Amino acid sequence: MEAVNALLLIFILACAVSVSLTKSLLSAVIIFMVQSLAMSVVWILLRAPDLAITEAAVGAGVTSLLMFVALKKIHAVRTVKHEKSDKQP
Amino acid sequence: MKNPINSLKRFIEQGSDPLGEEMLSELELNRPDADGEALAAPRRSLFSEKPRRPRLIHALYAASSVALCLALIGILLYTVSGLPSFGGADTLADSEVSAFYIENGLKDTGAGNIIAPIILSYRGFDTLGESHVLFIAAVAVMLLLRPAPSDKSALLRAYEYGDDKEEPHDDLILMAGGRVIVPLILMFGVYIILNGNISPGGGFSGGAVIGAGLIMYLSIYGYGPASRFMTLRVYRAVSACALGLYSLFKTYHFVTGFNGIESVFSAGIPGTIFSGGMLLYLNIFVGTVVALTMYALFTLFRKGDF
């Protein structure tokens, strides 16, 4: 369990460094999301399951979603134009 | 070549401020063909030279930012090293507060999950303020992003130019997946809230999970179905009711606790849902506020409206 913990902590550190080094804003948000998920596993290993639930829902879920929305609002994400199909109701 | 007198007359007829007029006309009078070139030329040369930071200052700037960052990291690491070690034998010994909670938590409140009474009962004032802060944050976002109700064109624009135009609508795979996953997420959130007093979790975590589920529902099925049951009126009424009831319950709790009056909410049998006095109800109120606020923040950021 110690090894898993150490591995996760190293992974979180690597994520934190790569967020600041990555050029693409979208990848930065995704790495941030992954870091939050790893953090929630660390919370479980630290025997704080309630914090793990909150971290997974807020850190990995809602915060990242809000950042995606922000990126979209400032047109930092390239969107693929979809042709609207009329078959679906 | 234009006549300087004509341009002077034009300036006077346009009737802008007299001082600037005088200066401009004087400029034009001094230079007969000043209309296009001569006036524009000095400006162009002024703007073509980009203000360039000297190299030394640039290097100093970079070096100082790196130094500041390293200093901050150092300070934080130094602070962390001063914390008591995790799980050490002597860590709990000097903390009377946590020992008190562990000893008396179950006896006082009848809640199996010791975190719940600490957050909602022993330190309930803290959580009460936090819930209100969350609601105020949503209200502030609403004030900033929502167009005025009188401005019909802005409302229409917010609806028309919602940023979902380039997204796939009615995606079959997403909808089929959402039909399975969204109810499970919502149910899990409700489970966390209702079992807040006997198992890990509680109002905030459960509310956050429900909020994430609602956001997922909104993203999969588009704005239409969600706006049928979640309007501004619903949000305002439910959030205000939950917050008001929460404050009311807490007031009752403070009054009875301070005066040593026996509370109506009994501790119950530990391990059942209806144990822990008013913790269950407080969890439900907090969960409602958190879930609705998460949803409101997301939908306000996306469309600027409900």
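Chains as they are written, first to last, in this note's numbering: chain F, 1 to 89; chain D, 1 to 306. Quick reminder that beta carbons are idealized off the backbone N, C-alpha and C, glycines included. All values derive from a computational prediction rather than experimental measurement.
- DSSP three-state assignment for F/T22, whether helix, strand or coil: Sequence index remark: in the first sequence, residue 22 of chain F carries index 22 (1-based). Three-state DSSP puts F/T22 in coil, outside helix and strand.
- Task: Note down, in chain order, each residue of its chain lying with its Cβ closer than 6 angstroms to the Cβ of F/T22, except the 5 sequence neighbours on either side.
- Result: Against the first sequence, residue 22 of chain F aligns to sequence position 22. Closer than 6 angstroms at Cβ, skipping near neighbours: A28.
- Check whether the stretch 248–268 of chain D touches the stretch 210–225 of chain D, counting contact only when three or more Cβ pairs, one atom from each stretch, lie closer than 8 angstroms. no
- Message: Could you tell me which whole beta strand (DSSP E) segments of length 3 or greater appear in the stretch 101–128 of chain D?
- Response: none
- Item | Alpha-carbon spacing of F/M1 relative to F/A38, whole angstroms | Residue mapping note: residue 1 of chain F aligns to position 1 of the first sequence, counting from 1. Residue mapping note: residue 38 of chain F aligns to position 38 of the first sequence, counting from 1. So the two alpha carbons sit approximately 15 angstroms from each other.
- Task: Taking only the alpha-carbon atoms, compute the straight-line gap between F/A16 and F/Q35 and give it to the nearest angstrom.
- Result: Within the first sequence, residue 16 of chain F is the residue found at index 16, counting from 1. Within the first sequence, residue 35 of chain F is the residue found at index 35, counting from 1. Cα to Cα, the separation comes out at about 7 angstroms.
- Task: For D/A71, name the three-state secondary structure that DSSP assigns.
- Result: In the second sequence, residue 71 of chain D corresponds to position 71, counting from 1. Three-state result, D/A71: helix.
- Using 8 angstroms as the Cβ pair cut-off and three pairs as the minimum, do the stretch 217–233 of chain D and the stretch 264–282 of chain D touch? no
- Query: Mind pulling the chain F residues with CB within less than 9 angstroms of D/E209?
  - Reply: As a position in the second sequence, residue 209 of chain D is number 209, starting the count at 1. The question names Glu, but residue 209 of chain D is Val in the sequence shown. Per Cβ cutoff of 9 angstroms: I53, T54, A56, A57 and G61.
- Task: Check D/I261 in the structure and name its three-state DSSP category.
- Result: The residue you call residue 261 of chain D lines up with position 261 of the second sequence. D/I261 falls in the coil class under three-state DSSP.
- Query: What are the boundary residues of the alpha helix (DSSP H) that includes F/P49?
  - Reply: Taking the first residue of the first sequence as 1, we reach residue 49 of chain F at position 49. Per DSSP, F/P49 belongs to the alpha helix (DSSP H) from P49 to T54.
- Query: Mind checking if F/V4 is an interface residue toward chain D, Cβ cutoff 8 angstroms exclusive?
  - Reply: As a working mapping, residue 4 of chain F is identified with position 4 in the first sequence. No, because no Cβ of chain D sits closer than 8 angstroms to the Cβ of F/V4.
- Message: Using 8 angstroms as the threshold, is the C-beta distance between D/V139 and D/G207 below it?
- Response: Against the second sequence, residue 139 of chain D aligns to sequence position 139. Against the second sequence, residue 207 of chain D aligns to sequence position 207. The answer is no: Cβ separation not under 8 angstroms.
- Task: Could you list the residues in the stretch 100–124 of chain D with a C-beta less than 7 angstroms from some C-beta on chain F, going in chain order?
- Result: I115
- Task: Flag F/V69 as yes if its beta-carbon sits less than 8 angstroms from any beta-carbon of chain D, otherwise no.
- Result: As a working note, residue 69 of chain F is residue 69 in the first sequence. Taking Cβ atoms only, chain D reaches closer than 8 angstroms to F/V69, which makes this a yes.
- Would DSSP call D/A267 helix, strand or coil? The residue given as residue 267 of chain D occupies position 267 in the second sequence. DSSP places D/A267 in coil when its eight states are reduced to three.
- D/T293 burial status per 10 Å Cβ neighbour count (16 or more: buried): Here the question's residue 293 of chain D lines up with position 293 in the second sequence. The residue in question, D/T293, is buried, as its Cβ has 16 or more Cβ neighbours within 10 Å.
- Nearest-angstrom beta carbon gap, D/Y246 and D/L282 [assumed within contact, 8 angstroms]: Walking along the second sequence from the start, residue 282 of chain D turns up at place 282. Walking along the second sequence from the start, residue 246 of chain D turns up at place 246. Right, the Cβ-Cβ distance comes to about 6 angstroms (below 8 angstroms), so this counts as a contact.
- Tell me which same chain residues have a C-beta within less than 7 angstroms of the C-beta of D/I102, skipping the five on either side of it? As a position in the second sequence, residue 102 of chain D is number 102, starting the count at 1. I114.
- Message: Using only the alpha-carbon positions, how far apart do D/G203 and D/I284 sit?
- Response: Within the second sequence, the letter at position 203 stands for residue 203 of chain D. Within the second sequence, the letter at position 284 stands for residue 284 of chain D. Taking the straight line joining both Cα atoms gives about 6 angstroms.
- Between D/D126 and D/L134, what straight-line distance do the alpha-carbon atoms span, to the nearest angstrom? Working through the second sequence from its first residue, we reach residue 126 of chain D at position 126. Working through the second sequence from its first residue, we reach residue 134 of chain D at position 134. If you take the alpha carbons of D/D126 and D/L134, they lie about 13 angstroms apart.
- Measuring CA to CA, which of D/S239, D/G268 and D/L120 is closest to D/A296? Here residue 296 of chain D refers to the residue found at position 296 of the second sequence. It is D/S239 whose Cα lies nearest to the Cα of D/A296.
- Consider the C-beta atom of D/L174 and the heavy atoms of the ligand NAP; say whether any pair is separated by less than 7 angstroms. In the structure on display, the ligand NAP does not appear, and there are no ligands present to speak of.
- By DSSP, does F/A76 sit in helix, in strand, or in coil? By 1-based counting over the first sequence, the position of residue 76 of chain F is 76. If DSSP states are grouped into helix, strand and coil, F/A76 belongs with coil.
- Query: Which residues in chain D sit within 7 angstroms of F/L65, going by Cβ to Cβ distance?
  - Reply: Translated into positions along the first sequence, residue 65 of chain F becomes position 65. Under the 7 angstroms cutoff, chain D gives I215 and F298.
- Three-way DSSP call (helix, strand, coil) for D/H169 in this model: Along the second sequence, read from residue 1 onward, the residue named residue 169 of chain D stands at position 169. It is coil, neither helix nor strand.
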